[in-house]
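Enquirer: Chains as they are written, first to last, in the numbering used here: chain V, 92 to 437; chain X, 179 to 418; chain W, 104 to 402. Beta carbons are placed, not taken as given, at the ideal position from N, Cα and C, and that holds for glycine. The structure under discussion is supplied below as structure tokens; questions concerning it will follow.
Right, here's the structure in full:
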């Protein structure tokens, strides 16, 4: 038990160092670089939260962008300045959210965005998380399509395909990295607890975990909901950084980017996601001028895809990860009942 | 010199799953036209042995000779072409295909269309009930019929050596007796049989030679009479 | 609003979309049946086939039939490449790894197309001899519509015969049912898998042409959703069943078109959402699909 204290001390120390560094960064870096830094923070939150559901719990969800969308739209609709609402065809807030003359401040709005995303995760998780491996992936992908469809069509609320612009610029380095700090801490605490070990047991072999008395649904849902929360927060931070959001931004491309960052960095490790984000965003911004000037549209995504393929074929544990010894040998897989392969439900 | 070359000779074969050896320094021999029984408890390595003989598993050490030829590095499809057929544990038929399709698959490697159809008729003669259910989906057959289908499919490749993995598993005693009559008939037609069973009495009753495996090694080997009289065998496998 | 001719017209559109989905589902289900791989890259082959046809037929002016065969061949080759380069290495590993890699390949091909050809959509002219318009009292259609239906039925029939009557086809069904046992019997499983990829990919490439000819436009991202919807069709029809996949394709195509036709026009953009709502419903209520294998089959 004594061992625990130094680790949490690291967090405190690390946090102080981090914020010290951010202070320096804010004063010294130009706006463009600062913008990239903040984006790295936001993507890190998204990737770290995806890591909880995909990496540690083994639920390969492809719908993460949907939660970001929910968080983005929710927080935006809450913080949008009252004076501009009329001009931008956005509804005023109903009485229970503060009334027609209210606009929320940033922190509560982000919380609300995350909370709504969590609710969505709860709703969609109950049916979808029962599904096996790739059925879960496709179902979550489908969920994302449905959310984006709603974003495009509920014009009275979301302004449809035009999206919402003139969002107040509330996001800065401090908010972003505060949330990243919180996210990392939460994930770290979960992973290093009995709960976390249960999650990882589920990831390896669900049947075995059940025998140990672990109710899969409870744990999977928890990881899913927590992951969704931070994704929602990330979405809110994103909206208030780029000052404009449109439905198509939250499509599969976004999920794909986060997935690549997670896998290249290393799923199921603590530092992997951040490593992946830093590497891939740095790559993106280094190549961006090339893509735009030479009109080589698609080059960056192409390289992302190539990186993913290379990693999957030759180093699937990612840059930071270590090779996991597969608990189930080939023989066990051979002897496994064939019908297990066809069952969609576990 | 007089020593006839056996049809199958397994020489000091070791097969590993990862680092765990499932079969260690195994040696056995099957002479032409014989029925050889391979007995042992669950996990003794019987199925592993059969899979290695048919070519699905590679031995880490040792060699396998078939008809005098070293087939250790030959892939499974080629071994089937040479005349080795495996009837897997649990029947291993394709439940969603028809009886006829299952049987035809047994002859997958053969090029002689006419011969295949002839053999199909032979199998139907041996198993008239399969002919009745020719176009039925295999999954709807009874356990015994499925076992017949599995054996019939094995015979369709015109094998010289048939490896039977626990054919009596899950079958009613009456059906098992029928099955063993069939096994004798197959031997009479000139096919050599290596028979793996957990249930010893019936296997010993039909075999010309018996091997007993324990933890991947041959513990006991001998003629049925020799083996039967051993105390251990009587206790463990024959129930006293 | 709902006249008989409107209903018939939309039904026809639904059937045509259904044909395309059925063909795609066919290619997907054979590979899925054997490898448990949702081949997202399947969608990429639609895009490749469409653009390949565009260049070969419109730009280089090759005769139609020759161009078609080239498209089929091109698709087949691409499928083989995917099999050999990517999926073979990952076989035996976790299923999710295959899925992720196929996503990577899809994105790679999509962006390669975007890069090499154009980020802007291309207009795909229906070939002249397919463009004749026919007006009947109830229905208006073009030759291309008939072409799509006929060629799809032909391909489905050919596939059905292949899988029921030929040795390789039966072996493919057997391998899809139980790869281990097929291997034990000495069936060259790798060859069967490669054939499955080649056939499925060739058909997918052909579908790209059909899509372009019918809808008049091709773009680098045309394959993604369509490819995923093909998988939805497989699930709806029943995983593990080849006729099921074809049926699922038709059901999905009709459902997609008719639901939009029946709802007020502002719901038109819900089209994709509806397809995935169907998927989620099916997975929850009847996961084995319409014709899926039922677990009670004796083993």
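#1: Rounded to a whole number of angstroms, what is the C-alpha to C-alpha distance between residue 293(V) and residue 118(V)?
#2: Using C-beta distances below 7 angstroms, list every residue in its chain close to residue 375(W), excluding the 5 sequence neighbours before and after it, in chain order.
#3: Measuring straight from C-alpha to C-alpha, what distance separates residue 274(W) and residue 311(X)?
#4: Would you mind listing the alpha helix (DSSP H) stretches within the segment 263 to 288 of chain X that are 4+ residues and don't spill past its ends, in chain order?
#5: Relative to chain W, which residues along the segment 330 to 351 of chain X have a C-beta separation below 7 angstroms, given in chain order?
#6: Taking residue 395(X) as part of the alpha helix (DSSP H), name the residues at either end of that continuous run.
#7: Using a Cβ cut-off of 7 angstroms, which residues of the segment 129 to 158 of chain W contact any Cβ in chain V, in chain order?
#8: Report yes if the CB atom of residue 372(W) is closer than 8 angstroms to the CB atom of residue 240(V), and no otherwise.
#9: Short check: CB of residue 306(W) to CB of residue 129(W), under 8 angstroms?
#10: Is any beta-carbon of chain V found at less than 8 angstroms from that of residue 200(W)?
#11: Is it a yes or a no for the segment 243 to 259 of chain V touching the segment 178 to 195 of chain V, going by three-plus beta-carbon pairs under 8 angstroms?
#12: If we define contact as Cβ-Cβ less than 8 angstroms, is residue 237(X) a contact residue for chain W?
#13: Nearest to residue 302(X) by alpha carbon, out of 407(X), 336(X), 262(X), 330(X)?
#14: Note the first and the last residue of the continuous beta strand (DSSP E) segment covering residue 370(X).
#15: Tell me the start and end of each unbroken alpha helix (DSSP H) in the segment 332 to 367 of chain V that is at least 4 residues and wholly inside, in chain order.
#16: Does the Cβ of residue 92(V) have 16 or more other Cβ atoms within 10 Å, making it buried, or fewer, making it exposed?
#17: For a test of the three-state rule: what should DSSP assign to residue 240(X), helix, strand or coil?
#18: Output, in sequence order along the chain, the residues in the segment 264 to 279 of chain W whose CB is closer than 7 angstroms to any CB in chain X.
#19: Assign residue 290(X) to buried or exposed, taking buried as 16 or more other Cβ atoms, counted over all protein chains shown, within 10 Å of its Cβ.
#20: So is residue 289(W) in contact with chain X if we call contact Cβ pairs under 8 angstroms?
#21: Are the segment 286 to 303 of chain W and the segment 250 to 262 of chain X in contact at 8 angstroms, needing three or more beta carbon pairs?
#22: In chain order, what residues of the same chain lie with their CB nearer than 8 angstroms to the CB of residue 390(V), ignoring the 5 residues before and after it?
#23: For residue 307(V), list the residues DSSP reports as bridge partners.
#24: When the distance is taken between beta carbons, is residue 355(V) closer than 8 angstroms to residue 393(V)?
#25: Going by DSSP, what residue range makes up the beta strand (DSSP E) through residue 237(W)?
#26: Please return the same chain residues whose Cβ sits closer than 6 angstroms to the Cβ of residue 209(X), not counting the five positions on each side in sequence.
#27: Could you work out which residues of chain W lie near residue 264(X), taking near to mean beta carbons separated by less than 9 angstroms?
#28: Using beta carbons (cut-off 8 angstroms, strictly below), is residue 293(W) in contact with chain X?
#29: Spatial neighbours of residue 225(W) within its chain, please: C-beta separation below 8 angstroms, excluding the five flanking residues on both sides.
#30: Just the C-alpha distance for residue 119(W) and residue 316(W), rounded to the nearest angstrom, thanks.
#31: If you measure from the beta carbon of residue 270(X) to each beta carbon in chain W, is any gap under 8 angstroms?
#32: Check residue 309(X) in the structure and name its three-state DSSP category.
#33: Can you list, in chain order, the residues of the segment 157 to 179 of chain V whose Cβ is nearer than 9 angstroms to any Cβ on chain W?
#34: Taking any Cβ of chain V, which residues in the segment 351 to 365 of chain W have a Cβ under 7 angstroms from it, in chain order?
#35: Put residue 199(X) into one of helix, strand or coil per three-state DSSP.
#36: With a threshold of 16 other CB atoms inside 10 Å of the CB of residue 269(W), please say whether the residue is buried or exposed.
Expert: Reading it off the structure:
#1: Numbered from its first residue, the first chain carries residue 293(V) at position 202. Numbered from its first residue, the first chain carries residue 118(V) at position 27. One C-alpha to the other measures close to 46 angstroms.
#2: Against the third chain, residue 375(W) aligns to sequence position 272. Result list for residue 375(W): 328, in chain order.
#3: To locate residue 274(W), count along the third chain from 1; it is residue 171. To locate residue 311(X), count along the second chain from 1; it is residue 133. Looking at the two C-alpha atoms, the distance is approximately 20 angstroms.
#4: Listed in chain order, they are 277 to 284.
#5: none
#6: Locating residue 395(X) in the second chain gives position 217, counting from the first residue. Premise fails: residue 395(X) lies in the beta strand (DSSP E), 395 to 400, not in any alpha helix (DSSP H).
#7: 139, 141
#8: Residue numbering aside, residue 372(W) sits at position 269 when the third chain is read from its first letter. Residue numbering aside, residue 240(V) sits at position 149 when the first chain is read from its first letter. Yes, these two residues count as a Cβ contact at 8 angstroms.
#9: Counted from its first residue, the third chain places residue 306(W) at position 203. Counted from its first residue, the third chain places residue 129(W) at position 26. Closer than 8 angstroms, so yes.
#10: Your numbering for residue 200(W) matches position 97 in the third chain. By this cut-off, residue 200(W) is an interface position.
#11: yes
#12: The count along the second chain starts at 1 and reaches residue 237(X) at position 59. Not a single CB atom of chain W sits nearer than 8 angstroms to the CB of residue 237(X).
#13: Position 124 of the second chain, counting from 1, holds the residue named residue 302(X). The shortest Cα separation from residue 302(X) among 407(X), 336(X), 262(X), 330(X) belongs to 330(X).
#14: Here residue 370(X) refers to the residue found at position 192 of the second chain. Residue 370(X) -> beta strand (DSSP E) spans 370 to 375.
#15: Runs of the alpha helix (DSSP H) inside the segment 332 to 367 of chain V: 343 to 356.
#16: As a position in the first chain, residue 92(V) is number 1, starting the count at 1. Model confidence at residue 92(V) stands at a pLDDT of 49, short of 50, so the residue's coordinates are unreliable; what they give is reported in the following sentence. When all chains shown are included, residue 92(V) counts as exposed.
#17: Translated into the one-based positions of the second chain, residue 240(X) becomes position 62. Strand, per DSSP.
#18: Listed by position along the chain: 270, 273, 274, 276, 277.
#19: On the second chain, residue 290(X) is found 112 positions in, with the first residue counted as 1. Here residue 290(X) is exposed, its C-beta having fewer than 16 other C-beta atoms within 10 Å.
#20: One-based indexing of the third chain puts residue 289(W) at position 186. Yes, residue 289(W) lies at the interface with chain X (some Cβ there is under 8 angstroms from its Cβ).
#21: yes
#22: On the first chain, position 299 is the one that residue 390(V) refers to. Sequence-distant partners of residue 390(V) (beyond 5 residues in either direction) whose C-beta falls short of 8 angstroms from its own C-beta, in its chain, are 378, 381, 382.
#23: One-based indexing of the first chain puts residue 307(V) at position 216. Answer is none; residue 307(V) lacks a bridge partner.
#24: For the purposes of this step, residue 393(V) is taken as the residue at position 302 of the first chain. For the purposes of this step, residue 355(V) is taken as the residue at position 264 of the first chain. Not in contact: residue 393(V) and residue 355(V) (Cβ atoms no closer than 8 angstroms).
#25: Here residue 237(W) refers to the residue found at position 134 of the third chain. 236 to 238 is the span of the beta strand (DSSP E), which, as asked, contains residue 237(W).
#26: Working through the second chain from its first residue, we reach residue 209(X) at position 31. Within the same chain, residue 209(X) has close Cβ partners 184.
#27: One-based indexing of the second chain puts residue 264(X) at position 86. Within 9 angstroms Cβ-Cβ: 287, 288, 289.
#28: To locate residue 293(W), count along the third chain from 1; it is residue 190. With 8 angstroms as the cut-off, residue 293(W) does not count as an interface residue toward chain X.
#29: To locate residue 225(W), count along the third chain from 1; it is residue 122. The beta carbon of residue 225(W) lies closer than 8 angstroms to those of 154, 157, 320, 321, 322 in the same chain, with the five residues before and after it left out.
#30: Along the third chain, read from residue 1 onward, the residue named residue 119(W) stands at position 16. Along the third chain, read from residue 1 onward, the residue named residue 316(W) stands at position 213. Distance between the alpha carbons of residue 119(W) and residue 316(W) is about 12 angstroms.
#31: Along the second chain, one-based indexing puts residue 270(X) at 92. For residue 270(X), the answer is yes, since a Cβ of chain W falls inside 8 angstroms of its Cβ.
#32: To locate residue 309(X), count along the second chain from 1; it is residue 131. It is helical.
#33: none
#34: none
#35: Here residue 199(X) refers to the residue found at position 21 when the second chain is read from its first residue. Of the three classes helix, strand and coil, the one that applies to residue 199(X) here is strand, per DSSP.
#36: On the third chain, residue 269(W) is found 166 positions in, with the first residue counted as 1. Result: exposed.
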